[in-house]
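Protein sequences, first through last, are from chains A and B. If you're matching positions, the first sequence starts at 13 in the numbering used here and goes up one per residue. If you're matching positions, the second sequence starts at 81 in the numbering used here and goes up one per residue. Since the structure comes first, as structure tokens, the remarks are kept for the end.
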Amino acid sequence: MTLEVADLQVHYRTLKGDVRALDGVSFSLADGEIVGLAGESGCGKTTLGKSLIRLDGRMRHVGGTAVLDGDELPIGDDKAMNARRWKEVSIIPQYSMSALNPTRKIGKMIAELLRARGKSYREFKDELVRRLELVGLTEKVLDNYPIELSGGMKQRVVMVLSTLLDPSLLIADEVTSALDVTNQRAVAETLVRFRDMGFVKSMIVVTHDLSLVYQIADTIMVMYAGRIVEKAPAETIIKSPKHPYTRALIGALPEVGLEYGDERLQSIPGKPPHLLNPPTGCRFRARCPLASEECEAEPPTVTVEAGHEVSCWKAN
Amino acid sequence: MGRYFRRKLLIYGLTFVIAVSINFAVPRLMPGDPVARMLTRNSVANVESSEAMRGYFNELFGLDVPLWQQYFNYWGALFRGDLGVSVFAFPSPVATVVADALPYTLALLLPSILLSWFVGNALGAMAARNKLLDNGALPIGYVLTAVPYMWLAILLAWVGGIILGWFPVAGGYSFALTPAFTWTFIVDLVHHWFLPFLSLFVVALGGWAIGMRNLVIYELESDYSNYLQALGAPNRLVRRYAFRNAVLPQITGLALQLGVVVGGALVTEVVFAYPGLGSLLLNAISSQDFFLLQGILLFIVIGVLVFNFLADVVYVLVDPRTRLGLEGGQS
Chain A
13 MTLEVADLQV HYRTLKGDVR ALDGVSFSLA DGEIVGLAGE SGCGKTTLGK
63 SLIRLDGRMR HVGGTAVLDG DELPIGDDKA MNARRWKEVS IIPQYSMSAL
113 NPTRKIGKMI AELLRARGKS YREFKDELVR RLELVGLTEK VLDNYPIELS
163 GGMKQRVVMV LSTLLDPSLL IADEVTSALD VTNQRAVAET LVRFRDMGFV
213 KSMIVVTHDL SLVYQIADTI MVMYAGRIVE KAPAETIIKS PKHPYTRALI
263 GALPEVGLEY GDERLQSIPG KPPHLLNPPT GCRFRARCPL ASEECEAEPP
313 TVTVEAGHEV SCWKAN
Chain B
81 MGRYFRRKLL IYGLTFVIAV SINFAVPRLM PGDPVARMLT RNSVANVESS
131 EAMRGYFNEL FGLDVPLWQQ YFNYWGALFR GDLGVSVFAF PSPVATVVAD
181 ALPYTLALLL PSILLSWFVG NALGAMAARN KLLDNGALPI GYVLTAVPYM
231 WLAILLAWVG GIILGWFPVA GGYSFALTPA FTWTFIVDLV HHWFLPFLSL
281 FVVALGGWAI GMRNLVIYEL ESDYSNYLQA LGAPNRLVRR YAFRNAVLPQ
331 ITGLALQLGV VVGGALVTEV VFAYPGLGSL LLNAISSQDF FLLQGILLFI
381 VIGVLVFNFL ADVVYVLVDP RTRLGLEGGQ S
């Protein structure tokens, strides 16, 4: 068991009060597992990813634990987390295009970063070059400034840099969002390759693109309003989703090979609830076609079959 | 890069020619006649001798030829290093008058600008990550920047010179002394120099600190800072990067400031009766001294151009992004 998250609660402090971006999230991640984390904007996916590596200034760890390789991550303690970052937990951020210092040569920046973490650049140089070549770059990029690379190249440099110390857990946060479709495909395949080659043990791929994550993930978790509503093997989520929200999400995807003609793709009516004051009971019920009275109570988490968990009254 | 600098040099050269031409034209477009002024000063009542003197002065100043010829003569003299004769300090040549005032201005402005830049940047960078300093010291910076400079200078002169009596309030050195390379004179020079220096230093300090604070905060919030921190980079490294990138616009600001150095700090020099280029400029204008005015403006033009060029060079050296743009690199 690589990662075990239990009842994680992370709030954003705002002037109006705490926004409960993560409100009791529990899941576990096995060695070598790639889990896709999907959901609408504002459902807490990125917050979950960030919580496991670095809370930003407005985020506050309210409760719950995350245990990585048998060792609890000190989520709320920025200083104590530092020792774990990059070596054990690492991230490929949303903003790979601007993640590198624009006024430093890439090689020099990596060297300085390694040295600041008490590592020797010379020791890692060969491995670094090998991995750069693996993603189709040459040693020459180390001598370039970030501005001299294309967006896709920068993304690949960041992917190599983030995984250089072979972390246990890698969070890939919307890594494909800024790329064109061919590059998306390449990046997704690279992530799988990194896992297969043992550069990372397990991976959380945060995305709103279900069709992409379906191709690479072993498991998919669907988040809604700060909670995980359904978790199942990727195949199951797509083929036989149980939660009405998951169904709606999948219903909104176009399918290759189908003619839609005048038919419109289904969108999900309404908006996700505001998390400053989340509704009680099932949070999806305002938009749910199946909602009934019992949904006003907190839905149970039902295990439909091994590895398939749904938080819904109507799951059975 | 060579092509870039050649082009820059060409632009600067062109600017120089235009500036010098304007410099030639402006005093001549001013109302008033410097020769008439000289004549009144010498109170020549006799019409005949007055005419003779007018002719003499016109020839001396080269005003007896048509304007276009004056213009070319002006350029020719310029290349011989001849800036003409001052009307105000007749018969000293302009070059000497300017050269006498220049050291005072440079000694006053260079240290105050450079020091306030260094101290202000350091203060601003510290304030960017220290709440106490940010809330305590920066408001003072805002006040200092907002205060009218004249008022502050007079206040300093009043407190330091009159109330405390620690410093003299006027002059570049004591009138009892003659300039010489002796300890007494140097100490006296520094003594007179301190208050005007302090006033300039203090006023510029706040502006640099505020600018730097905002720039550093911006850099610390930027994506690359966040990414470094997510990879567990110690604060030291993140701050070093942020500082280095934040200082880039400040370099441009410094170059612009240094460019006007030779113009002198007019108000400072007036308030403290300091014998620099600023007070000289004022005198030149009030006595319609074409040639002195031209000479001083020429120095200002050269100063601005040289320092701007230096800024261009430094910027290209420290910021790879500008370099790429010049080489036609793609983003």
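Think of the CB as a built atom: it goes at the ideal place given N, C-alpha and C, for glycine as much as any other residue. Bear in mind that the values here come from a model prediction, so they are computed numbers and not experimental data.
If you draw a straight line from the Cα of residue 300(B) to the Cα of residue 319(B), it is about 7 angstroms long. The three-state secondary structure of residue 188(A), taken from DSSP, is coil.
With fewer than 16 other Cβ atoms from the protein chains shown falling within 10 Å of its own Cβ, residue 286(A) counts as exposed. Of 199(B), 244(B) and 360(B), the smallest CA-CA separation from residue 291(B) is found for 199(B). Assignment of beta-bridge partners to residue 236(A) by DSSP yields 239(A). Between residue 270(B) and residue 253(B), the alpha-carbon positions lie close to 8 angstroms from each other.
In this structure residue 152(B) is exposed. Its beta-carbon is surrounded by fewer than 16 other beta-carbon atoms within 10 angstroms.
When the alpha-carbon of residue 308(A) is set against those of 301(A), 292(A), 318(A) and 315(A), the nearest one is in 292(A). Burial is judged here by how many other beta carbons sit within 10 angstroms of a residue's own beta carbon; residue 223(A) has fewer than 16 and is exposed. By the Cβ rule, the region 58-67 of chain A does not count as touching the region 256-270 of chain A, because fewer than three pairs are nearer than 8 angstroms. Around residue 325(B), the beta-carbon contacts reaching into chain A at under 8 angstroms are 113, 114 and 115. Judged by DSSP secondary structure, residue 36(A) falls within the beta strand (DSSP E) whose first and last residues are 29-41. Counting only residues of its own chain and dropping the five nearest sequence neighbours on each side, residue 208(B) has a CB closer than 6 angstroms to the CB of 293, 296 and 297. Note that the C-beta distance between residue 229(A) and residue 48(A) is below 9 angstroms.
At a cut-off of 9 angstroms between beta-carbon atoms, residue 99(A) makes contact with chain B.
DSSP places residue 75(A) in no alpha helix (DSSP H) but in the uninterrupted beta strand (DSSP E) bounded by 71-80.
Nearest neighbour of residue 283(B) by Cα position, chosen from 218(B), 331(B) and 312(B), turns out to be 218(B).
Closest option to residue 238(B), judged by alpha-carbon separation, among 229(B), 230(B), 249(B) and 228(B): 249(B).
For residue 86(A), the nearest beta carbon of chain B is not closer than 9 angstroms to its own beta carbon. Residue pairing by DSSP puts residue 21(A) in a beta bridge opposite 35(A) and 75(A). Our two residues, residue 183(A) and residue 45(A), have alpha carbons roughly 12 angstroms apart in a direct line. A distance below 9 angstroms separates the beta carbons of residue 175(A) and residue 212(A). Excluding sequence positions up to five before and after residue 250(A), its CB lies within less than 7 angstroms of the CB of 226 and 262, all in the same chain and listed in chain order.
One Cα belongs to residue 226(B), the other to residue 142(B), and the distance between them is close to 47 angstroms. Among the residues facing chain B, residue 289(A) is not included, as its CB has no counterpart in that chain under 9 angstroms away.
Contact between the region 352-359 of chain B and the region 179-186 of chain B is present, with at least three C-beta pairs closer than 8 angstroms. Inside the region 203-283 of chain B, DSSP marks whole alpha helix (DSSP H) runs of 4 or more residues at positions 211-226 and 229-236, from first to last along the chain.
The alpha-carbon separation between residue 98(A) and residue 319(A) amounts to approximately 29 angstroms. Beta-bridge partners of residue 129(A) (DSSP): none assigned.
In the three-state scheme derived from DSSP, where H, G and I count as helix and E and B as strand, residue 297(B) is classed as helix.
For residue 105(A), same chain residues with a beta-carbon under 6 angstroms away, outside a window of 5 residues either side, are 111 and 185 in chain order. Residue contact check for residue 328(B) against chain A: a CB pair falls below 9 angstroms. CA-to-CA, the gap between residue 261(B) and residue 160(A) works out to about 56 angstroms.
Across the structure, residue 115(B) and residue 138(B) are spaced so that their CA atoms are roughly 7 angstroms apart. The three-state secondary structure of residue 95(A), taken from DSSP, is coil. Within the region 276-308 of chain B, 302, 303, 304, 306, 307 and 308 place their CB atoms closer than 8 angstroms to a CB of chain A, listed in sequence order.
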